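**Student:**
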Amino acid sequence: MQDLAGKHIVLGLTGGIACYKSAELCRLFVKAGATVQVVMTEAAEQFITPVTMQALSGRTVYTSQWDAREPNNMPHINLSREADAIVLAPCSADFIARLVQGRSDDLLSLMCLARPMDRIPLLIAPAMNREMWAHPATQRNLMQVSADGATVLGVGSGWQACGETGDGRMLEPAQLLEDITAFFQPKLLAGQKVLVTAGPTFEALDPIRGITNHSSGKMGFAIARAAREAGAEVTLVAGPVHLPTPRGVTRVDVLSAQEMLEATTRAAQSASIFVATAAVADWRPATHSDQKIKKDGSGKTPVLNFVENADILLTVAKSERAQAKKLFCVGFAAESENLVEHAKAKRERKGIPLLVGNIGPLTFGQDDNALLLVDAKGVRELPRASKLTLARELMTEIAARLPDWRV
Ligand code: CTP
Numbered sequence: 001m002q003d004l005a006g007k008h009i010v011l012g013l014t015g016g017i018a019c020y021k022s023a024e025l026c027r028l029f030v031k032a033g034a035t036v037q038v039v040m041t042e043a044a045e046q047f048i049t050p051v052t053m054q055a056l057s058g059r060t061v062y063t064s065q066w067d068a069r070e071p072n073n074m075p076h077i078n079l080s081r082e083a084d085a086i087v088l089a090p091c092s093a094d095f096i097a098r099l100v101q102g103r104s105d106d107l108l109s110l111m112c113l114a115r116p117m118d119r120i121p122l123l124i125a126p127a128m129n130r131e132m133w134a135h136p137a138t139q140r141n142l143m144q145v146s147a148d149g150a151t152v153l154g155v156g157s158g159w160q161a162c163g164e165t166g167d168g169r170m171l172e173p174a175q176l177l178e179d180i181t182a183f184f185q186p187k188l189l190a191g192q193k194v195l196v197t198a199g200p201t202f203e204a205l206d207p208i209r210g211i212t213n214h215s216s217g218k219m220g221f222a223i224a225r226a227a228r229e230a231g232a233e234v235t236l237v238a239g240p241v242h243l244p245t246p247r248g249v250t251r252v253d254v255l256s257a258q259e260m261l262e263a264t265t266r267a268a269q270s271a272s273i274f275v276a277t278a279a280v281a282d283w284r285p286a287t288h289s290d291q292k293i294k295k296d297g298s299g300k301t302p303v304l305n306f307v308e309n310a311d312i313l314l315t316v317a318k319s320e321r322a323q324a325k326k327l328f329c330v331g332f333a334a335e336s337e338n339l340v341e342h343a344k345a346k347r348e349r350k351g352i353p354l355l356v357g358n359i360g361p362l363t364f365g366q367d368d369n370a371l372l373l374v375d376a377k378g379v380r381e382l383p384r385a386s387k388l389t390l391a392r393e394l395m396t397e398i399a400a401r402l403p404d405w406r407v
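Residue 165 in the UniProt record's numbering sits at position 165 of the sequence shown, and the numbers go up by one each step.
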């Protein structure tokens, strides 16, 4: 997806072994549609060559403030003025300290100091040994760079090149891309608490077998990500799926519809928006065998009886909080025909302000989808696009409806 189309990023590298990840980060930026101008400190050049970064960015790398290529000989001014963001990855402990002090004795620090703070954001991906990270001087400096307007993207935890294990690794390139993409999204849901259910449920028959469905969870995970990008605090109650948790989202894994009901009603007590995308099993086996159900050799097949599961969306929509208009509920309808009529009827039946319809067999497991929004005013189509694009559009639609709905 060309999430960064039209964006120009100045990627600053400082001295740290994590420079090897910056090559991949640069490639991901370019793949996402951004143009990238790399600036490296002298220390960064000890870890990776400008040749590699030039090849990946398609632009010659700047390493010196005395670079005569610029007609006015002011690369620190020219490079920072044309950027949509300056991203320092990796940003060493030393470079953070230099930012705090407003040092400007090399091109990168000079450019950061000379950037127009009101329109060119500075994002920092720290990378260092765990003791350096934990040191009060570093933590103090991080607080100061944040107070001075930079966005600190956090660090990863795990095995470090020095052989120690702990906090301070630079985030992985894919994580940085997700965070930086999120940074550029409008914060339409700032202050909201969004709760999402996603994926199938698994209704156990015995310890080995159970009943489930084809839901991949992709739409719900895209919605959780889009809500987080829009500035909301997000809880994702997920059935059994193999998808990575979107950055910054709190995930609660469940198996059965009953577990999903419990986790969802608990989280709904403080949520302000609930989006039910899960394909919850309508029925569960009436009995659960503690041991595997065995063939007895007679050729007789087991008889299965079912009981109905609670409707999670209906339960939440009927709650005091939703009725008091403190919780905006959105349902999903996967239909196989007559989408408009079924979606309208389902919205009425569930008593919710917004229902999103889609044709189930055309979307299960796919990366794209088309949606139909049904509310009290009528029907609106969101044409076929990637699930993440649709999820972002849906967040815009929800944000636009909140003020009118709450009064
Ligand atoms: N849903 C739920 N709990 C259930 C069943 C459904 O929360 N036990 C939610 C789904 O997450 C979705 C919406 O209700 O947001 C619609 O689900 P669907 O199964 O399509 O609707 P039903 O009401 O079961 O209607 P039908 O089986 O007639 O299509």
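Backbone N, C-alpha and C fix where the C-beta goes; we use that ideal spot for every residue, glycine too.
Nothing here was measured: the structure is a model prediction, and the numbers come from that model.
According to DSSP, is Lys187 part of a helix, a strand, or is it coil?
**Tutor:** Coil at Lys187, not helix or strand.
**Student:** Entirely within the stretch 286–357 and at least 3 residues each: give me those beta strand (DSSP E) ranges in chain order.
**Tutor:** 306–308, 328–335
**Student:** Quick one: measure Cβ to Cβ for Asp84 and Lys7, integer angstroms, because I've assumed they're closer than 8 Å.
**Tutor:** 5 Å
**Student:** According to DSSP, simplified to helix, strand and coil, what is residue 435?
**Tutor:** Here the chain covers residues 1 to 407 and nothing more, so residue 435 does not appear.
**Student:** Please confirm whether Met111 and His76 have their CB atoms less than 8 Å apart.
**Tutor:** yes
**Student:** Please return the same chain residues whose Cβ sits closer than 6 Å to the Cβ of Leu354, not counting the five positions on each side in sequence.
**Tutor:** Val330, Asp375
**Student:** Cβ of Thr277 versus every heavy atom of the ligand CTP: is any distance shorter than 7 Å?
**Tutor:** yes
**Student:** Just confirm the distance between the C-beta atoms of Gly360 and Ala334, as a whole number of angstroms; I'd bet it's less than 8 Å.
**Tutor:** 3 Å
**Student:** Report, in whole angstroms, the separation of the C-beta atoms of residue 442 and Asn358, which I expect to be a contact under 8 Å.
**Tutor:** Here the chain comprises residues numbered 1 to 407, so residue 442 is not present and cannot be evaluated.
**Student:** Please list, in chain order, all residues of the same chain as Cys19 whose beta carbon is under 8 Å from its beta carbon, the five residues on each side excluded.
**Tutor:** Leu13, Ala44, Phe47, Ile48, Pro90
**Student:** Under the criterion of a Cβ to heavy atom distance below 7 Å, does Asn338 qualify as lining the ligand CTP?
**Tutor:** no
**Student:** The ligand CTP heavy atoms versus the CB of Leu313: any closer than 7 Å?
**Tutor:** yes
**Student:** For Val252, I'd like the list of residues in its chain whose CB is within less than 6 Å of its CB, leaving aside the five on either flank, ordered along the chain.
**Tutor:** Val237, Ala263
**Student:** Have a look at Asn129, Ser319, Gly231, Asp94 and flag the residue whose alpha-carbon is nearest the alpha-carbon of Gln185.
**Tutor:** Of the residues Asn129, Ser319, Gly231, Asp94, the one whose Cα lies closest to the Cα of Gln185 is Gly231.
**Student:** With a floor of 3 residues, list each beta strand (DSSP E) that falls wholly inside the stretch 114–141, ordered by position along the chain.
**Tutor:** As far as the stretch 114–141 is concerned, its whole beta strand (DSSP E) runs of at least 3 residues are 122–126.
**Student:** With a threshold of 6 Å on Cβ separation, who are the neighbours of Val249 within its own chain once the five nearest residues in sequence on each side are excluded?
**Tutor:** Ala224, Arg228, Val234, Leu236
**Student:** I think residue 415 touches Ala93, with their Cβ atoms under 8 Å apart; what is that distance to the nearest whole Å?
**Tutor:** The requested residue 415 does not occur in the structure, where the chain is confined to residues 1 to 407.
**Student:** Below 7 Å CB to CB, which residues in the same chain sit around Arg406 once its five sequence neighbours on both sides are set aside?
**Tutor:** The answer, listed in chain order, is Lys325.
**Student:** Mapping DSSP to helix, strand and coil, what is Lys7?
**Tutor:** coil
**Student:** Do Thr165 and Ile124 have their beta-carbon atoms positioned less than 8 Å apart in this structure?
**Tutor:** For Ile124 and Thr165, no; Cβs fall outside 8 Å.
**Student:** Expressed to the nearest angstrom, what Euclidean distance is found between the alpha-carbon atoms of Pro71 and Pro244?
**Tutor:** Whole-angstrom Cα-Cα distance: 47 Å.
**Student:** Taking the alpha helix (DSSP H) that Trp405 belongs to, which residues open and close that run?
**Tutor:** Its alpha helix (DSSP H) spans residues 387–406.
**Student:** Please report the straight-line C-alpha distance between Val213 and Thr277, rounded to a whole angstrom.
**Tutor:** Val is not the amino acid found at residue 213; the sequence shown has Asn there. If you take the alpha carbons of Asn213 and Thr277, they lie about 13 Å apart.
**Student:** Determine which residues share a DSSP beta bridge with Cys91 and list them.
**Tutor:** Pro126
**Student:** Relative to the ligand CTP, is the shortest distance from any of its heavy atoms to the C-beta of Val407 smaller than 7 Å?
**Tutor:** no
**Student:** Tell me where the beta strand (DSSP E) around Lys193 begins and ends.
**Tutor:** 193–198
**Student:** Tell me the DSSP secondary structure of Asn78 in three-state form.
**Tutor:** helix
**Student:** Please tell me whether Thr52 and Ala23 are closer than 8 Å, where the distance is taken between their beta carbons.
**Tutor:** The answer is yes: Cβ separation under 8 Å.
**Student:** Give me the Cα-Cα distance between Glu42 and Gly15, rounded to the nearest whole angstrom.
**Tutor:** 8 Å
**Student:** Can you tell me which of the three DSSP states Met40 falls into?
**Tutor:** strand
**Student:** Going straight from the alpha carbon of Ala345 to that of Ala317, what length do you get?
**Tutor:** 16 Å
**Student:** Taking DSSP as the reference, what is the three-state secondary structure of Leu176?
**Tutor:** helix
**Student:** Our contact map puts Lys1 next to Leu388 with C-beta atoms below 8 Å; I'd like the distance itself, whole angstroms only.
**Tutor:** Per the sequence shown, the amino acid found at residue 1 is Met instead of Lys. With a Cβ gap of about 6 Å, Met1 and Leu388 count as contacting.
**Student:** Which residue from Thr138, Trp283, Asp290 puts its Cα closest to that of Pro207?
**Tutor:** Asp290
**Student:** Within this structure, are the beta carbons of Ser272 and Phe328 separated by less than 8 Å?
**Tutor:** Yes, Cβ-Cβ distance for Ser272 and Phe328 is below 8 Å.
**Student:** Any chance the CB of Ala271 is under 7 Å from a heavy atom of the ligand CTP?
**Tutor:** no
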